[in-house]
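Numbering (the numbering used here), first residue to last: 497 to 861. Here a beta-carbon is modelled for each residue, glycine too, at the ideal position from N, C-alpha and C. Following: one structure in structure tokens, then a few remarks.
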Amino acid sequence: MPRPILATIHPEALRHNLARMRQAAPDARVWAVVKANSYGHGIARTYEALRGADGFALLDLQEAEQVRALGWRGPILLLEGVFEPRDLELCSRLGLWHAVHCEEQIAWLAAHKTQVGHRVFLKLNSGMNRLGFTPQGYRTAWMRLNALPQVDEITHMTHFSDADGPRGIAHQLEAFEEVTRDLPGERSLSNSAASLRHASDARVRGDWIRPGIAVYGSAPDFPEHTMVHWDLQPTMTLSSRIIGVQRLQPGDTVGYGSSFTADAPLRIGVVACGYADGYPRHCSTGTPVLVDGVRTRLVGRVSMDMLAVDLSPVPQAGFGSEVTLWGTATNGAVLAIDEVAASAGTLSYELMCALAPRVPVTVGA
Ligand SMILES: *Cc1c(COP(=O)(O)O)cnc(C)c1O
């Protein structure tokens, strides 16, 4: 028998969350962001559920080929554009839309031989300082692209650094508006956080929103808001079982480094899940876990293949009991991946993407 650990992907939840994002920006089209293999879920596993999107946004050319091979004829956007000139041949052949964020990409496009006009998303660096043209260079870049026979349509694009936090988006929105005001073309600005928190502003919605993490059921601004607040549902459950039980006496310790000491008699369950499965080693005593759908806590350090949980809230639980590390338990109880990520000092994004290859994945309801 294989180890009992299992990841389950929930297509109904993906559909629900996508519909939620549409509802947040009803007059915009929606890119389902499926980079990093659909945030660790597997593109092939999420594709059916996300076909209701207007397009798929990603950055790996292999992933773009995969989406085409799955049968998608609609728009696909390369969020970082191409990495070398010959990538443009694939864009022409597969009809990929692509970001243009630097001079090099314009020069490659100008030298590219093609019969089909490309749809490009010209990226403004409005303050994030990752990719994009500065406000000073943006209009020149637009003029150059606009004069190229290889270019069909130019969409204006930028990305917010603080849509989820107190600094907000006003300064970047202002820079974007200023630079693009009198230029024709569609606009795309918002990730999940901007779409949910600032979408009452039509300028923020633009023509295309680009939600990623919210589609995967995580609140982009946790802990200020939760997935329940945003009406999102978990799309990935990580579950396992108890493979051993120990009865501790006061003074007994658990695991490497003896980081947890029982101060009273305590039953603990040992779970077949460790950091080699992608469960964060930084989670310490107190991190929430569900056993038989009842909320309890991790005790002691996470080791490579095992972790331990407090069984006192679930006295009937024992060998073989269901453990939900994040997601939805059989009884319907939910443990937000955001809570586990916060315990580890990281984000849900990282946990989803770090699901280890050794964990079997199934597509559930
Ligand atoms: C990843 C990404 C997104 C999606 O961000 P979320 O925070 O997951 O919604 C949107 N736009 C760009 C350019 C991205 O790289």
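Bounding residues of the beta strand (DSSP E) (the contiguous stretch that carries residue i)
i	result
residue 619	614–619
residue 652	647–653
Cβ-heavy atom distance, residue i to ligand 1, below 8 Å
i	result
residue 625	no
residue 551	no
residue 529	yes
residue 696	no
residue 687	yes
residue 680	no
residue 776	no
residue 730	no
residue 575	yes
residue 500	no
residue 706	yes
residue 652	no
residue 620	no
residue 721	no
residue 853	no
residue 537	no
residue 655	yes
residue 716	yes
residue 845	yes
residue 555	yes
Residues bridged to residue i [DSSP beta-bridge criterion]
i	result
residue 525	704
residue 784	793
residue 593	573
residue 743	763
residue 805	765, 794
residue 736	819
residue 502	735
residue 757	749
residue 777	Bridge partners of residue 777: none, in fact.
residue 824	830
residue 857	503
residue 696	DSSP lists no partner for residue 696.
residue 626	Its beta-bridge partners do not exist; DSSP assigns none.
residue 683	652
First and last residue of the uninterrupted alpha helix (DSSP H) at residue i
i	result
residue 549	Element bounds for residue 549: n/a, residue is neither H nor E.
residue 517	507–520
residue 640	631–642
residue 834	833–839
residue 534	531–535
residue 675	666–676
residue 724	Per DSSP, residue 724 belongs to no alpha helix (DSSP H) and is neither H nor E.
residue 603	599–607
residue 564	557–565
residue 845	844–849
Of the residues the options, the one placed nearest residue i, counting alpha carbons only
i	options	result
residue 659	851, 701, 601	701
residue 551	849, 591, 673, 538	591
residue 646	606, 846, 679, 564	606
residue 456	773, 813, 727	Only positions 497 to 861 of the chain appear in this structure, which leaves residue 456 out of reach.
residue 833	736, 825, 848, 826	848
residue 811	790, 831, 586	790
residue 744	756, 737, 542	756
residue 768	761, 548, 737	737
residue 786	778, 804, 547, 800	804
residue 708	795, 857, 537, 497	537
residue 793	839, 853, 672	839
residue 765	807, 508, 644	807
residue 726	634, 516, 510	516
residue 776	603, 758, 713, 821	821
residue 746	740, 763, 617	763
residue 525	570, 557, 500	570
residue 796	778, 813, 523, 788	778
residue 734	770, 597, 740	770
residue 824	717, 577, 548, 504	504
residue 722	860, 520, 572, 835	835
residue 568	501, 670, 539	539
residue 875	830, 799, 531, 617	A query on residue 875 cannot be resolved here, the shown segment of the chain reaching from 497 to 861 and no further.
residue 555	828, 593, 752	593
residue 518	500, 546, 530	546
residue 714	830, 644, 813, 544	830
residue 544	557, 558, 564	564
residue 586	559, 597, 781	559
residue 596	574, 588, 666	574
Distance cut-off 8 Å: residue i Cβ against heavy atoms of ligand 3
i	result
residue 710	Ligands present in the displayed structure are limited to ligand 1, and ligand 3 is not among them.
Within-9 Å CB hit, residue i to chain B
i	result
residue 860	The structure shown has no chain B; it contains just one protein chain.
Note to self: Below 8 Å, how does it come out for the stretch 580–593 and the stretch 620–631: are there three or more Cβ pairs, yes or no?
What the structure shows: By the Cβ criterion, the stretch 580–593 is not in contact with the stretch 620–631, since fewer than three pairs of Cβ atoms, one from each stretch, lie closer than 8 Å.
Check: Would you call the stretch 625–634 and the stretch 608–617 in contact, with 3 or more CB pairs under 8 Å?
Finding: Verdict: no, contact absent.
Item checked: Validate contact between the stretch 685–702 and the stretch 648–657 using beta carbons, cut 8 Å, 3 pairs -> As far as the Cβ criterion goes, the stretch 685–702 touches the stretch 648–657, which means the pair count is three or higher.
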